[in-house]
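One gets our numbering by counting positions in the sequence shown from 1 and adding 2 to each.
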Amino acid sequence: MSNEEIIIDEPSLDDLVRVIREGQCPSVSGRSTLTYHLGQLGEGGEFYVRIYDNTGKGMFARDWIPAEGIRGVLESDVPITSSAFKPLYEGRSVNTAGFLMAALRDLGVIGLDAENARLHVRIPDVPLDSVFSEAPPRRKKKGG
Numbered sequence: 003m004s005n006e007e008i009i010i011d012e013p014s015l016d017d018l019v020r021v022i023r024e025g026q027c028p029s030v031s032g033r034s035t036l037t038y039h040l041g042q043l044g045e046g047g048e049f050y051v052r053i054y055d056n057t058g059k060g061m062f063a064r065d066w067i068p069a070e071g072i073r074g075v076l077e078s079d080v081p082i083t084s085s086a087f088k089p090l091y092e093g094r095s096v097n098t099a100g101f102l103m104a105a106l107r108d109l110g111v112i113g114l115d116a117e118n119a120r121l122h123v124r125i126p127d128v129p130l131d132s133v134f135s136e137a138p139p140r141r142k143k144k145g146g
């Protein structure tokens with residue numbers, strides 16, 4: 003009998019989540035361009051979002067975040083700021099929560115609050131699940 007230890011590597015989410023859409027958007031500050039991915043765990047599995055790249059110098063986490071966690075923030079009574087998304091990235095770069103917010107704004111899920119430019123509001127016409135279709139949802143243009 004051998005004393006060799008057998009190590010079985012568990013697959014990571016990076017190995018299991020399939021990218022179904024990629025998008026680019028400005029960061030909330032407008033100083034950099036972000037690339038984000040929308041993904042799905044297998045066929046018919048749960049949806050995920052991750053920030054994949056940043057043209058600026060700010061650090062960020064490439065972790066896949068479950069859509070359910072994002073939905074929890076959007077449906078809570080907490081004002082929608084980058085701080086509301088920080089628990090999704092516990093122990094990771096604080097920039098990532100703001101970058102996620104920029105991606106959600108680009109997808110049309112949230113928008114700027116008309117009364118307070120530091121806050122965002124949920125856009126009721128754009129359910130979170132709708133952004134995960136392979137064809138992006140059509141967004142209404144302002145003023146026409």
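C-beta: ideal position from N, C-alpha, C; glycine also.
Grab the span of the alpha helix (DSSP H) containing residue 76 for me, first residue to last.
-> The residue you call residue 76 lines up with position 74 of the sequence shown. Element bounds for residue 76: 69-76.
Could you please give the first and the last residue of the uninterrupted beta strand (DSSP E) stretch that includes residue 55?
-> The residue you call residue 55 lines up with position 53 of the sequence shown. Following the DSSP letters along the chain, one finds residue 55 inside the beta strand (DSSP E) bounded by residues 49-56.
If you follow the alpha helix (DSSP H) that residue 41 is part of, which residue opens it and which one closes it?
-> Counted from its first residue, the sequence shown places residue 41 at position 39. Note, residue 41: premise wrong, no alpha helix (DSSP H); beta strand (DSSP E) at 35-43.
Can you grab the Cα-Cα spacing for the pair residue 155 / residue 7, in whole Å?
-> The shown model of the chain, from 3 to 146, leaves out residue 155, and the question about it has no answer.
Thinking C-beta only, is residue 82 closer than 8 Å to residue 51?
-> Looking up residue 51 in the sequence shown gives position 49. Looking up residue 82 in the sequence shown gives position 80. One thing to note: residue 51 has its Cβ no nearer than 8 Å to the Cβ of residue 82.
Output yes or no for whether 8 Å exceeds the beta carbon distance between residue 30 and residue 104.
-> In the sequence shown, counting from the first residue as 1, residue 30 sits at position 28. In the sequence shown, counting from the first residue as 1, residue 104 sits at position 102. In this structure, residue 30 sits near residue 104, with a CB-CB distance shorter than 8 Å.
Paired residues, beta bridge with residue 21 - DSSP = Here residue 21 is taken as the residue at index 19 of the sequence shown, counted from 1. Answer is 41, bridged to residue 21.
Beta-carbon proximity check, residue 62 vs residue 95, cutoff 8 Å | Indexing the sequence shown from 1 puts residue 62 at position 60. Indexing the sequence shown from 1 puts residue 95 at position 93. In this structure, residue 62 places its C-beta atom within 8 Å of the C-beta atom of residue 95.
Residue from 130, 132, 111 whose Cα sits closest to the Cα of residue 123 = Taking the sequence shown and counting its residues from 1, the one referred to as residue 123 is at position 121. Measuring from the Cα of residue 123, the nearest candidate turns out to be 111.
Report buried or exposed for residue 80, applying the criterion of at least 16 other Cβ atoms within 10 angstroms of its Cβ.
-> Within the sequence shown, the letter at position 78 stands for residue 80. Answer is exposed; the Cβ neighbour count stays below 16.
Residue 135: beta carbon under 7 Å from a heavy atom of the ligand SAM?
-> Absence of the ligand SAM is noted for the structure shown, with no ligands found whatsoever.
First and last residue of the uninterrupted beta strand (DSSP E) at residue 124 | In the sequence shown, counting from the first residue as 1, residue 124 sits at position 122. That run of the beta strand (DSSP E) goes 122-124.
Roughly how many angstroms lie between the CA atoms of residue 45 and residue 68, to the nearest whole one?
-> Mapped onto the sequence shown, residue 45 falls at position 43. Mapped onto the sequence shown, residue 68 falls at position 66. One C-alpha to the other measures close to 15 Å.
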